[in-house]
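*Asks:*
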Amino acid sequence: MEIDWSVIDKKWQKKWSENNDHETDYNDKEKKFITVAYPYPNSPQHIGHGRTYTITDVHSRYLRMKGFNVLFPMGFHYTGTPILGMAKRVEANDAELIEGFKTLYKVPEDKIKEFAEPVKIADYFHDEIKSGMIEMGYSIDWRREFTTIDPAYQKFIEWQFRNLKEKNLIVQGSHPVGWCPKDQNPVSQHDTLGDVEPDFTEYIIIKFDLNGVKIPVATLRPETLFGVTNIWINPQVTYQKIKVNDEIWIASPECARKLEFLEKKIEVIEDVSGSDFVGQSAKAPHNDDSIVILPASFVKSDNGTGIVMSVPAHAPFDYQALLDCKSGKNKSITSDLLKNIQNIEPISMIKTEGLGDIPAKDIVERMGISDQDDPKLEDATKEIYSKEFYEGILADNTKQFAGKKISEAKDEIKEWITEIESADILLELTNSPVKCRCGAECVVKLLSNQWFLDYSNKDWKDKAHTCFEKMNIFPNEIRPEFDQVLDWLRERACARQHGLGTKVPWDKEWLVESLADSVIYMAFYIISKYVNKKEIDGNNLTDEFFDYVFYGKNDSEEIANKINITKEKLEEIRTEFLYFYPVDARHSGRDLVPNHLTFFVLNHVALFPEENWPQEIVVNGSVLMGGKKMSKSMGNIIPLREAVRKYGADPIRLTILISAELLQDADFNAEAINGIKNKLESMYEDCNKIKAEEISELEPEDKWILSMLQNLASNVSESMDKIRLREALHHILYDFDSELQWYLKRTKSKQRTNISGILHKIFSNRILMLSPFAPHMAEEIWEKLGNTELASKSAWPSSVGIEFDPTSIQTETLLKSIIDDINNILKVTKISPKKITIYTADKWKSKAYSLILRNVLDGETNIGTIIKSLIANKETEEIKKDPDFVKKILNDILSESIELRKGKMDVEQIDESQIISSELASLVKNDYNVELNVFSESDSEKYDPKNKAKTARPFKPAILIE
RNA sequence: GCGGGAGUCGCCCAGCCUGGCCAAAGGCGCAGGGCUUAGGACCCUGUCUUUUAGGAGUUCGUGGGUUCAAAUCCCACCUCCCGCACCA
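Residue numbers (the working numbering): 831 to 1792.
Have a look at this one:
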């Protein structure tokens, strides 16, 4: 049968929407507030986004069926810079981007024209994403929808920011960023040509003094100051004499430009040649030693200040350059100078195990380096640097720092030089040149007056840790990562100068950064409903209003009057907030662990009382396409709406859920989705045939299958409670099939015609369990099964209302294992059976069996001990004849599940002869079309030509096939 | 470098926390059979090696160890993936 998925999808989506099934207000029932990270509408959603939202929807639907009043709302995050960047590119007629809109996203041309305006982009994809969510059947309360640039939301963010500032959690400082000097804007990966992230490093500038003029050397290793022997300058380079704030420096022109962006006032006085300084001496800041300036070609003007200090003992470049000087190879050295420098020797000042006193010398010699322009010097430098950094100890000639590890002393030394006013900081790109999309070359800029969320605040961190400790984290494996992130977090910029968003309330030059305005918005879903219903005017909202709704502060009547609503309305909003808060679950992809999810907790603990702290975080992995990462360049991104049109909502939902557990990457591929489609279709067909008949007297197999159904229900519920959706789905869709097969085989061989009622019960329960996962198909089948209520409105079948029957489990297990054994024998012997004879075990064996079982359950598995106790017992002393029997029984028992063992202990021992005679005969007749004879081992009249009977064991009767 | 995680029977993916239900679930693929005019779908059987009696052997990245018993616990090693900030 061909199923038109879209017809079914639409049919039930319409019904849910007509019934307002997903609109949730406060009432007397227990609530669950389930939220998920809202989307950033700069592109349509693809299957990967669908995973997080689908998991959230399944969670919501499950809890709804469990009887909770579940709120699942959605908003749209307009705030941020990428959309702004896109709008600029549209305005500039960027062919690549526009082509992408056309072919990849299928945006109509007239719409693209409007995209020069950023809000239009957001609006367009907002609609697109929302439609996709509806088409996926997400049970969202759309009355609460908002965007982060709505006036009411902006008031809310202002309240949040003022509140954090009052608590001293927002502080001011400066911060380095990648910067485009032309756009006057910070740049990050998506703003640059080739999508490179500007990466920068901090050089320490140490200032040597030359008659009042500063000779600044830039270094990554300030600790090596103690080993300085000379200074290198490039005689080929034209330097500049510049005024830096109040000092006069000599530096390369490139350096002068860099310094301008680092909050320095720069004035160029004149050009000077590097060669002018060769042979002069400058005073070292730490000991006033006179340090000679020597020429070196390896010094580059675009690196640091264009001047470096020389530490020949520990820097291979310096060692080699010094050799070049002393040997007279370097022509810019006068003969006088040449004489003077012959006594310059490397000063060893770091001791490292495995390295000599002068490691630079050793490595230069080892690598066979011959001059300072040898590229091998880079490797040599790296090797020594990392070894010394992690293992090096500062030597005695380093004064107060002697004995310390480099990795520890580095910062102390930096501070010390800074204190004696001989140091400065130079930030420099390590992956330059980085070009902005506008074409300009980027620099590092120190942004001053930047606003920070002070995530380094100890009390704040502690509180967040406390919250995490009490929270459920699914899956729990991710918990250490949260703790780690929390510890590592420090001040974080929370304001930007461009993009969409809310102005920082006390500093209108700045906009609230988009990861800062998206941390407590779950609370806003309560308010947005009233704004959307026009019961309150977003423009009127005040801090007092939010203080009342969230904290119950001050007098409701007074506040209500001020914002022109009734006191009752205001109190209603407060009541609703108190009802829905705290957030019971927050879902998101794992990429948000180190940022949003952690900030979400931090901001909640800062702004809300403990009873309103989040209760649970659920994190999921991403989705792969046919085993590969989704990416634009691979062209393997499938927009969600396109996929829904192609496959139907439910097959997509199930495919992304069943392919992996929460944290694993799920794989989406054509085979998987077809498998799911077929599975659903065959369930649909099966259910079409079943009628809801009266269930008559229960036969053993009926009791068994219903017990298994009960098992299924409790297993699935358990998985659902742990958000192990893959596992739950497996139980529902596949695991039960083999039980059902056995049941059908049993009833078929008994030629029963009265099982429709039982099957109806089984499928009804399975469909209900399937309903959160495949809501459309479940409703459709549920209707076919003759129900008038919606499946999604029915109670979750935690229990199927059947008494669990352990005896029937024993019976069916016995029958199955005999059939298995017969099949095994037939397979090995390849005979076609004419007659099958079964021998059941003697009474004393049964007695021994239960004694051994008792022992195992009590933890006694030592054969010797067990045998002794059996021999001591009159009823079982016969085992003396066959001690091997005990070993076999013990293995039988150990190879069974603990449940089964307990089951055997709990119920009366089943009468094997009786069961085999009454139930097995029909199966054997059905499967092999032969007669079955049953004897007891002790039966003296038995037919036993091959002497098989004596091998019979309890639950393992002997078999003779002829 | 720091931090987190993973390596399972052709592939994907469970199992590991709480050792014995484990030659190890399920899906996909593959082979055979059934159904069908045919194909698809569906159903059955098989899919580490070996075995003419329901058995035996060797497997869970590698090497050790603990234990009566290890995919599971401990130690070491190898390989791979992800995050590391002002960006959603």
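Note that the Cβ used here is the ideal one computed from N, Cα and C, for glycine as well.
Is Ala1436 helix, strand or coil when you go by DSSP?
*Replies:* helix
*Asks:* When DSSP builds the beta bridges, which residues end up paired with Lys1265?
*Replies:* Glu1271
*Asks:* Can you name the start and end residues of the beta strand (DSSP E) that Tyr1069 belongs to?
*Replies:* Thr1068 to Val1074
*Asks:* Along the chain, which unbroken stretches of the alpha helix (DSSP H) at least 4 residues long are found entirely within the segment 874-898?
*Replies:* Qualifying alpha helix (DSSP H) stretches, in chain order: 877-895.
*Asks:* Mind the definition here: the segment 1165-1181 touches the segment 1192-1210 only if three or more C-beta pairs lie below 8 Å; say whether that holds.
*Replies:* By the Cβ rule, the segment 1165-1181 does not count as touching the segment 1192-1210, because fewer than three pairs are nearer than 8 Å.
*Asks:* Assign Asp1118 to one of two classes, buried (16 or more other C-beta atoms within 10 Å of its C-beta) or exposed (fewer than that).
*Replies:* exposed
*Asks:* I need the boundaries of the alpha helix (DSSP H) containing Val1793, first residue and last residue.
*Replies:* As shown, the chain starts at 831 and ends at 1792. That puts residue 1793 outside it, with no answer to give.
*Asks:* So for Met904, helix, strand or coil by DSSP?
*Replies:* Correct three-state label for Met904: coil.
*Asks:* Could you tell me the boundaries of the alpha helix (DSSP H) in which Asn1060 lies?
*Replies:* No alpha helix (DSSP H) holds Asn1060; the beta strand (DSSP E) holding it covers Asn1060 to Ile1063.
*Asks:* Apart from the five residues just before and just after Tyr892, which ones in its own chain have a Cβ nearer than 8 Å to its Cβ?
*Replies:* Met1550, Pro1602 and Trp1626
*Asks:* Along the chain, where does the beta strand (DSSP E) that runs through Phe1498 open and close?
*Replies:* Ala1496 to Phe1498
*Asks:* So, with DSSP's three-state summary, where would you put Val1760?
*Replies:* coil
*Asks:* Compare the Cα-Cα distances from Asn1133 to each of Ala1086, Ile1123, Pro1146 and Gln1172 and report the closest residue.
*Replies:* Ala1086
*Asks:* Starting from Gln843, trace the alpha helix (DSSP H) in both directions and tell me its first and last residue.
*Replies:* Trp835 to Glu848
*Asks:* For Lys1359, which three-state DSSP category applies?
*Replies:* helix
*Asks:* Excluding five sequence neighbours on each side, which residues of the same chain lie with their C-beta closer than 8 Å to the C-beta of Gly1368?
*Replies:* In chain order, Asp980, Pro981, Ala982, Tyr983, Lys985 and Val1361 place their CB closer than 8 Å to the CB of Gly1368, counting only its own chain and leaving out the 5 sequence neighbours on each side.
*Asks:* By DSSP, does Lys1037 sit in helix, in strand, or in coil?
*Replies:* strand
*Asks:* Are Ile1468 and Leu1539 close, meaning C-beta to C-beta below 9 Å?
*Replies:* no
*Asks:* Name the residue from His1295, Ser1526, Glu1742 and Leu927 whose alpha carbon lies nearest to the alpha carbon of Asp1313.
*Replies:* His1295
*Asks:* Do Ile1174 and the ligand ZN come close, with the Cβ less than 8 Å from some heavy atom?
*Replies:* Ligands displayed in this structure: none; no statement on the ligand ZN is therefore possible.
*Asks:* DSSP three-state call for Val1218: helix, strand or coil?
*Replies:* According to the sequence displayed, residue 1218 carries Glu and not Val. Looking at Glu1218 - three-state DSSP - the assignment turns out to be helix.
*Asks:* Tell me whether Asn1015 sits in a helix, a strand or coil according to DSSP, three-state version.
*Replies:* Here Asn1015 sits in strand by DSSP.
*Asks:* Given that a residue counts as buried once 16 or more other Cβ atoms are within 10 Å of its Cβ, and exposed if not, what is Leu1079?
*Replies:* Here residue 1079 turns out to be Trp, not Leu, going by the sequence shown. Buried, since its Cβ has 16 or more Cβ neighbours within 10 Å.
*Asks:* Is the CB-CB distance between Ser1743 and Ser1766 below 9 Å?
*Replies:* Closer than 9 Å, so yes.
*Asks:* With a CB to CB cut of under 8 Å and the five nearest residues on each side skipped, what residues in its chain are close to Asp1201?
*Replies:* The residues are Gln1150, Asp1154 and Lys1159.
*Asks:* Determine the burial state of Arg894: buried for a count of at least 16 other Cβ atoms within 10 Å of its Cβ, exposed for fewer.
*Replies:* Buried.
*Asks:* Roughly how many angstroms lie between the CA atoms of Lys1383 and Lys1397, to the nearest whole one?
*Replies:* 14 Å
*Asks:* How do the segment 1238-1247 and the segment 1045-1063 stand: do at least 3 beta-carbon pairs fall below 8 Å, yes or no?
*Replies:* yes
*Asks:* Tell me Ile1223's beta-bridge partners as DSSP assigns them.
*Replies:* Lys1181 and Lys1235
*Asks:* Using 10 angstroms around the beta-carbon of Val1342, count the other beta-carbons present and answer buried if the total reaches 16, otherwise exposed.
*Replies:* Burial state of Val1342 is buried, judged by a 10 Å Cβ sphere holding 16 or more other Cβ atoms.
*Asks:* Below 9 Å between beta carbons: does that hold for Ile1236 and Glu1249?
*Replies:* no
*Asks:* Output the distance between the C-alpha atoms of Ala1346 and Thr1260, rounded to the nearest integer angstrom.
*Replies:* 29 Å
*Asks:* Name the one or two DSSP bridge partners that Ser1120 has.
*Replies:* Lys1113
*Asks:* Going along the chain, which unbroken runs of the beta strand (DSSP E) with 3 or more residues stay wholly within the segment 1657-1734?
*Replies:* 1665-1670
*Asks:* Would you mind giving the Cβ-Cβ distance between Phe955 and Pro874, rounded to the nearest angstrom? I have them listed as a contact below 8 Å.
*Replies:* 6 Å
*Asks:* With a threshold of 8 Å, are at least 3 pairs of Cβ atoms found where one atom belongs to the segment 1256-1276 and the other to the segment 1300-1317?
*Replies:* no
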